[in-house]
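For what it's worth, this note's numbering labels the leading residue of the sequence shown as 10, then goes sequentially.
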Amino acid sequence: MSGVISGFTVIFIVVGVGYLLGRTHVIGDHAHEVLSRLVFFVFTPALLFHSLVTTDLSVVFSSTLVIAGGSAMLMGVIYLVIAKLWLRRPVPELVIGALSSSYVNSVNLGLPIAIFVLDDASFIAPLLLFQIVIYSPMALLALDLTALERNTERSIVRDSLVAPITNPIVVGGIAGLLVSVLGVMPPAAVMSPLKMLGDASVPAALLAFGLSLTGVQVFKKGESPRRDIALAAALKMVVMPLTVYAIARWGFGQTGEALFAQVVIAALPTAQNVLVYATRYRRGQILARDTALITTLASIPAIAVIALLLA
C-alpha cells in the first residue's frame, strides 16, 4: 500500500502545482495549450524514442502484451459501439472517448506503481509498447482524418497516407522500435538530449492537466458530456480490470503475482496524454479531462481492493 500512496502522491502534487499556476495566471492565459503542444510535439516523441531504444524487447513481447493490449482494444471498441448507437457522437469525440475508456496511464503512474507495488518495472513495458506503436497511431490517424479541416476528397486520401509519417508521437515510437530491433545504439550525444527532453514529458503532461482544471467543475450541467464520461470511467475502472482478470486467469492460466500485476495495470487511470491529444485536435477536451480526473481518484481505492484480494 505504501507504493500505491507514494505513486499517487507524486501525481497529485504535480497536478496541484499546475492548478495553482493556472489559478494565479503566473504563466499566462494560454499556458495549458502551449504546454500541451510541447508535450505532443517535443517531449513525448523524445520519451518514446529513448524508452524503446533502451528497452529489452524480449521482455516486451510476452503474454502481458496480448492481455493488456487486447483488453484495451476491447474497451475501446465497446465504447465506440455504445457511444455511436446510444449517444450518436461524431467520430473525433468517439475516438477521444474510446481512448479515455482504455488508454492506461502507463508512464507517470504506471511506472511508480510497477516499481513500488509490483517490484518489477518490466510489467508495464508491454502495455507501453502497445500504446505507443499500435494504439496511438490508430487513434491519431483517425483524428487526423476526421478532426482537421479538409476541402477535397483528394486531400483526405493524401492525408491518410501522410498522417502516420508526420505525426510526431507516431514517428518517435516507430523510430525507437526500429532502432531497437536493429540493435544500433545512437551515440550519447544524441541520446542524452533526447532523454532530457523525454524526462520533461511526464511532469509537463501533469502540469497541463492541472492547468486544465482551473475554474472547472466536473460533471457541470450544460457543459460536461456526463453520459460519455460516466461510460468511459465505468469501462476503464470496472469492466477493464474484470476483463483482464478473466483473460489472465482462465485464458492464460495465470495466478499469484502475475495475475495480480495484470489486474493492477488494468486498474490504472486514464492517461493525461488523452487530454493532450484532445487539446491538440480541439475535440473532446472536457471528456478527456474529466475522465482522467475521475479515474485517477477512483484508481486509489480500486488498486487497494485489488491488493487486498489478490496480493
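Backbone N, C-alpha and C define an ideal beta-carbon position, used for all residues, glycine too.
Pick from 293, 266 and 247: whose alpha carbon is nearest that of residue 309? Position 300 of the sequence shown, counting from 1, holds the residue named residue 309. Of 293, 266 and 247, the residue nearest in Cα terms is 247.
Check each candidate in 59, 275 and 278 and name the one with the smallest Cα separation from residue 210. Reading the sequence shown from its first residue, position 201 is the one you call residue 210. Closest option to residue 210, Cα to Cα, is 59.
Give the straight-line distance between the Cα atoms of residue 331 and residue 34, rounded to the nearest whole angstrom. Nothing about residue 331 can be reported from this structure: the residues present for the chain run from 10 to 320 only.
Report yes or no: do the stretch 296 to 305 and the stretch 105 to 113 share at least 3 C-beta pairs separated by less than 8 Å? Contact holds: three or more Cβ-Cβ distances are below 8 Å.
Taking all protein chains shown into account, decide if residue 214 is buried (16 or more other Cβ within 10 angstroms of its Cβ) or exposed. The residue given as residue 214 occupies position 205 in the sequence shown. Per the 10 Å Cβ criterion, buried.
Using beta-carbon positions only, say whether residue 110 and residue 241 come within less than 8 Å of one another. In the sequence shown, the residue the question calls residue 110 occupies position 101. In the sequence shown, the residue the question calls residue 241 occupies position 232. Annotated as proximal: residue 110 and residue 241, with beta-carbon spacing under 8 Å.
Roughly how many angstroms separate the alpha carbons of residue 251 and residue 199, rounded to a whole number? Mapped onto the sequence shown, residue 251 falls at position 242. Mapped onto the sequence shown, residue 199 falls at position 190. Their backbone Cα atoms lie some 43 Å apart in a straight line.
What are the boundary residues of the alpha helix (DSSP H) that includes residue 299? Counting from 1 along the sequence shown, the entry for residue 299 is found at position 290. Unbroken alpha helix (DSSP H) run through residue 299: 294 to 319.
Check whether residue 293 and residue 301 have beta carbons under 8 Å apart: Locating residue 293 in the sequence shown gives position 284, where the first residue counts as 1. Locating residue 301 in the sequence shown gives position 292, where the first residue counts as 1. No, these two residues do not count as a Cβ contact at 8 Å.
Host alpha helix (DSSP H) of residue 39 (start-end): As a first step, residue 39 must be located in the sequence shown, where it is residue number 30. Taken as a continuous stretch (DSSP letters only), residue 39 belongs to no alpha helix (DSSP H), as it is neither H nor E.
For residue 285, collect the residues of the same chain with a Cβ closer than 8 Å to its Cβ; drop the 5 residues on either side in sequence, then sort them by chain order. For the purposes of this step, residue 285 is taken as the residue at position 276 of the sequence shown. 45, 48, 49, 53, 214 and 217, listed in sequence order.
Spatial distance of residue 161 from residue 221 (CA atoms): Counting from 1 along the sequence shown, the entry for residue 161 is found at position 152. Counting from 1 along the sequence shown, the entry for residue 221 is found at position 212. With a pLDDT of 46 at residue 161, under the threshold of 50, the modelled position of that residue is not reliable, and the figure given next carries that caveat. Whole-angstrom Cα-Cα distance: 34 Å.
Output the boundary residues of the alpha helix (DSSP H) element that contains residue 289. Within the sequence shown, the letter at position 280 stands for residue 289. It spans 282 to 290 - the alpha helix (DSSP H) in which residue 289 sits, taken as one unbroken run.
Give me the DSSP bridge partner(s) of residue 113. Here residue 113 corresponds to residue number 104 of the sequence shown, with the count starting at 1. For residue 113, which the question treats as bridged, DSSP gives the partners 279.
Identify, in the order they occur along the chain, each residue of the same chain with its Cβ nearer than 6 Å to the Cβ of residue 207, setting aside the five sequence neighbours on each side. Here residue 207 corresponds to residue number 198 of the sequence shown, with the count starting at 1. Closer than 6 Å at Cβ, skipping near neighbours: 55, 56 and 59.
Would you kindly report the start and end of the unbroken alpha helix (DSSP H) that includes residue 139? If you number the sequence shown from 1, residue 139 lands on position 130. Taken as a continuous stretch (DSSP letters only), the alpha helix (DSSP H) holding residue 139 covers 134 to 139.
Determine whether the beta carbon atoms of residue 271 and residue 76 lie at a separation below 8 Å. As a working mapping, residue 271 is identified with position 262 in the sequence shown. As a working mapping, residue 76 is identified with position 67 in the sequence shown. Closer than 8 Å, so yes.
Leaving out the 5 sequence neighbours to the left and right, which residues in its chain are closer than 8 Å to residue 163 when beta-carbon positions are compared? Within the sequence shown, numbered from 1, the residue matching residue 163 stands at position 154. The predicted position of residue 163 is uncertain, since its pLDDT is 45 and thus under 50; no value can be drawn from it.
Answer yes if the stretch 134 to 143 comes into contact with the stretch 77 to 97, meaning at least three C-beta pairs across the two stretches below 8 Å, and no otherwise. yes
To the nearest angstrom, how far is the alpha carbon of residue 257 from that of residue 31? The count along the sequence shown starts at 1 and reaches residue 257 at position 248. The count along the sequence shown starts at 1 and reaches residue 31 at position 22. Taking the straight line from one Cα to the other gives about 42 Å.
Helix, strand or coil: how does DSSP classify residue 65 here? Numbered from 1 along the sequence shown, position 56 holds the residue referred to as residue 65. The DSSP-derived three-state label of residue 65 is coil.
Identify, in the order they occur along the chain, each residue of the same chain with its Cβ nearer than 7 Å to the Cβ of residue 156, setting aside the five sequence neighbours on each side. As a first step, residue 156 must be located in the sequence shown, where it is residue number 147. A distance below 7 Å between beta-carbons, with the five flanking residues on each side excluded, links residue 156 to the following residues of its chain, in chain order: 101, 290 and 292.
By the 10 Å Cβ neighbour count, where 16 or more other Cβ atoms means buried, how is residue 167 classified, buried or exposed? One-based indexing of the sequence shown puts residue 167 at position 158. With a pLDDT of 48 at residue 167, under the threshold of 50, the modelled position of this residue cannot be trusted, and the question is left open.
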